[in-house]
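A quick write-up on the structure given underneath.
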Amino acid sequence: MSKVNIEVSEVQVREVRLGSITGFEGTASELVRCSHSGKIKECTRSFSQCMGCSSGNAFCQLSMIQDAAVVNHAPIGCSNDFFSFNFTYRVGQMERNLPPTNGRYFSTDIREEDTIFGATKKLEDTVREVFNRVHPNAIFITTSCASGIIGDDVEKVADDLTEELGIPIVACFCEGFKSRIWTTGFDSAYHSIVRKIVKPPRKKTNKVNIINFWGSHIFDDLLEKLGYEANYIVPFSTVKELEHISEASATIQICPTLGTYLGAALEQIYDVPEIKSPPAYGISGTDAWLRELGRVLDREKEIEEYIENAHKNIVPKIEKYREKLEGKTAYVTAGAAHGHALIALLRELGLNVQGAAIFHHDPVYDNGSFVSDVLAHVVKTYGDIKNYNVCNKQAYELVNILNRVRPDIMIARHGGMTLWGAKLGIPTLLIGDEQFSFGYEGILRYAERILETLDNKEFVTNLAKHSTMPYTKWWLQQDPFSFLGGDVYAETY
Ligand code: SF4
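Residues 1 to 493 in UniProt numbering are what the sequence shown spells out, letter by letter.
Given below as structure tokens:
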């Protein structure tokens, strides 16, 4: 178990803290075995086409706190994701009946001369300007490669301005160059929230924290029936709400890749128990997750009744979808734990998962428990996945693989990946809302969307006829892992 230390300004990157990797090819069972042995080792790529950045993932969580502002202490190019997060923020406001407002995102616009003379004065001026312009209840400063390399003392600026302005000015250290695992940025955002926003509990409440992105509010009914109240964090929270997440009765993570650090931090520092179980995707995962929820919330009897009822009403409906989908082939590309959950879901529906390209791998989560290991749960419950690839969005590998396996459907979790399936004429399904497929009902919802996608091939068929690939025939004939070096097994077994 990693020890959360809020005395230090930065959280350790996932490579160091959890031993996470971005390169692997083999079978899922080999990866699980290797992970649980504690000897996993990164296979490195000699060619990398693209990378994500921790700064973007930190921003993803901080940018939708309703009454906070974010100052990106960076060259202006690092702000290219402001637009897309503002779009998500605006759509989420409509879904939640919140007044429409733009995200309060700012950049210090670090320039060449600043990298020589330092940019802390510019940062101070920007934070004061933001405070006077938008009157936020907190300002987060996200760092960048440039501010990290020139060594600006962002923590000192934040502390001094907290005193001067009377609201929390919070440094969030998320320089892109520091970690290959861009989900480290989630941890950076949560570390800054737990350090500087969350207060010790006044009393325990019946609230249950749900660490999620900006998904639908599917937990309200279930928790209400159990006498609890759902508290969705971090996007769309207010600063005041975040101050009191230490008072909750439990923490649910919609995806351990997202919430591993915050779940562990709240448990270790404030005794808020984290639900340690594979997330509720597929029947077996949902059963296990509900039972753990019932145990932690002291509602075991009610949960058993709920499970019995759902099995009676929903499992026969799932059976009908299975008959329609049995034997169809699928390929998955997604972030780690959610990708594993999607594999569980597809297997539950009888699809043959031919392989998966999953963006990174955490051999263990911050709670130190292998019970939360979704991939291990999938392998144990549904059997092995032969062509399992840990691939940080390297499109050249993905296209090569898809061109070989040609699945009936590709399931993607990120917008930038869907076009590769579509260009090859493979029906591709993208669902951004993790909650959509959660629980028993989620299996039905997802099955319906898969059938719709399989029934509407016309668009991708035509697209494939009229589009070209940037990859040559030569590359498509090569081993997709030609640039992936090192042997994770040879050195660990
Ligand atoms: S922080 Fe670094 S890696 Fe991230 S966008 Fe800026 S320059 Fe790129």
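For glycine and all other residues, C-beta sits at the position ideal for the given N, C-alpha and C.
Less than 8 angstroms separates the beta-carbon of Asp366 from that of Ser2. Going by C-alpha positions, Gly23 is about 21 angstroms away from Asp187. Placement of the Cβ of Cys145 at a distance of less than 7 angstroms from at least one heavy atom of the ligand SF4 is found. Two segments are said to touch when three or more pairs of C-beta atoms, one from each, lie closer than 8 angstroms; by this definition the segment 431 to 439 does not touch the segment 375 to 393.
Counting only runs of 3+ residues, the beta strand (DSSP E) found wholly inside the segment 69 to 131 occupies 105 to 107, in chain order. Between the ligand SF4 and Ala74, a heavy atom-to-CB distance of less than 7 angstroms is present. The three-state reading of DSSP puts Met469 in coil, since its state is none of H, G, I, E or B.
Here the distance from the Cβ of Phe106 to the nearest heavy atom of the ligand SF4 is not below 7 angstroms. Per DSSP, Asn5 is not a residue of any beta strand (DSSP E), being assigned neither H nor E. Pairing Glu224 with Asp408, the inter-Cα distance amounts to about 40 angstroms. In the three-state scheme derived from DSSP, where H, G and I count as helix and E and B as strand, Glu274 is classed as strand. Taking the Cα positions, Cys172 is about 5 angstroms away from Thr142. When DSSP states are grouped into helix, strand and coil, Gly52 belongs to the coil group.
Distance from the CA of Gly339 to the CA of Ile149, rounded to the nearest whole angstrom, comes to 34 angstroms. Comparing alpha-carbon positions, the option among Ile197, Gly350, Arg322, Ile450 lying closest to Leu262 turns out to be Ile197. Taking all protein chains in view, the Cβ of Gln49 is surrounded by fewer than 16 other Cβ atoms within 10 Å, so the residue is classified as exposed. The beta-bridge partner set that DSSP reports for Ala334 consists of Ile358.
Straight-line measurement puts the Cα of Lys203 at about 43 angstroms from the Cα of Asn392. The C-beta distance from Gly26 to Tyr388 rounds to 6 angstroms, short enough to meet the 8 angstroms contact threshold. Only exposed fits Asn132, as fewer than 16 other CB atoms lie within 10 angstroms of its CB. In this structure, Gln354 is the residue among Gln354, Arg295, Ser467, Ser216 with its C-alpha nearest to the C-alpha of Lys386. For Arg299, the three-state secondary structure derived from DSSP is coil. In this structure, Thr205 sits near Glu247, with a CB-CB distance shorter than 8 angstroms.
Following the DSSP letters along the chain, one finds Phe140 inside the beta strand (DSSP E) bounded by residues 138 to 142. Separation of Phe47 and Glu302 (C-alpha to C-alpha, rounded to the nearest whole angstrom) is 53 angstroms. When C-alpha distances from Asn313 are compared across Phe59, Tyr446, Ala28, Glu441, the shortest belongs to Glu441.
Counting only runs of at least 3 residues, the segment 134 to 202 fully encloses the following beta strand (DSSP E) elements, listed from N- to C-terminal order: 138 to 142, 169 to 172. Relative to the ligand SF4, the nearest heavy atom lies less than 7 angstroms away from the CB of Gly176.
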